[in-house]
Amino acid sequence: MTAFTRANSRAFEIRRQNAAHKHYKSPAKNRLIGAVNQYWRDYNTQGWSGRKNLKAVFEAEGFRPSTAKRILREAKVPGCKEARTHHNSMAVDTRGAKPFFTLDMILDVLIFIEEHEGEEKNMGWEVIITEFDFGCHPSTLQQELKRWGYGHFIAAQAKHLDLRIRQKRVKYAKIMLQKYPTAQHWRRVRFSDEMHIGIGP
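Reminder that position 147 of the sequence shown reads as 147 in the UniProt record's numbering, one-by-one numbering, no gaps.
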């Protein structure tokens, strides 16, 4: 280990002054850590006062919030979590709101949709919400099922269809019925409102 001589001390001070972020010595860091620990003790015993928060604690000790958080992470102060998360971490991520649906709930819905194969074009999100008594907004279920690839298979209930569209659909159905008169031809047909646009030669 290098001896801490007067020259080394001067070089250390120069490096500290030229650093990208301000370096604080141990007494200042200890004051910050003590103030944060006291804040959490008061918070856990008395609750939030409505006036003082961690940012106010940082400013009272003369620290910028980003610097104070870095010091607290390095010191592993309880209540100050690591900002960095790893993709292969086994720890449960507790940030954000808790998910409304559990895996079992979603699997029940998927089984229900599979059992009603062919009827889903007439099935709105409200039908599933009512069937399972989830008590949430239909868009909440829609967003969750989109992750499983079911967002485009359940029809949105249209209140009105233009007369020309209805006539065109009836005309198309009659033409197809003439081409394929038996029920056997229709077993593998799935009716869909999806539109595919391609650019020809």
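For glycine and all other residues, C-beta sits at the position ideal for the given N, C-alpha and C. Please read all numbers here as calculations on a predicted model, not as lab measurements.
Residue environment, residue i, which counts as buried when at least 16 other CB atoms sit within 10 Å
i      : result
Leu177 : exposed
Leu103 : exposed
Val36  : buried
Val109 : buried
Ala75  : exposed
Ala68  : buried
Ile71  : buried
Ala83  : Here the model assigns Ala83 a pLDDT of 48, short of 50, so the residue's position is not dependable, and the following value carries that caveat. It is exposed - the Cβ of Ala83 has fewer than 16 other Cβ atoms within 10 Å.
Local conformation of residue i per DSSP, three classes
i           : result
Pro65       : helix
Phe132      : helix
Pro99       : coil
Arg147      : coil
Asn30       : helix
Pro181      : coil
Asn8        : helix
Lys76       : coil
Asp108      : helix
Asp162      : coil
Ala91       : coil
Gln38       : helix
Met123      : coil
residue 216 : The chain is shown only over 1 to 201; residue 216 falls outside these bounds and no answer can be derived.
Ile14       : helix
Beta-carbon separation (whole angstroms), residue i vs residue j, contact threshold 8 angstroms
i      : j      : result
Phe134 : Leu145 : Actually they are not in contact, since the Cβ atoms of Phe134 and Leu145 sit about 12 angstroms apart, beyond 8 angstroms.
Cys136 : Ile129 : 7 angstroms
Glu61  : Leu32  : 5 angstroms
Pro65  : Lys52  : That pair is no contact at about 14 angstroms.
Glu126 : Phe112 : About 14 angstroms separates the two Cβ atoms, so there is no contact after all.
Val57  : Tyr39  : 5 angstroms
Met123 : His116 : 7 angstroms
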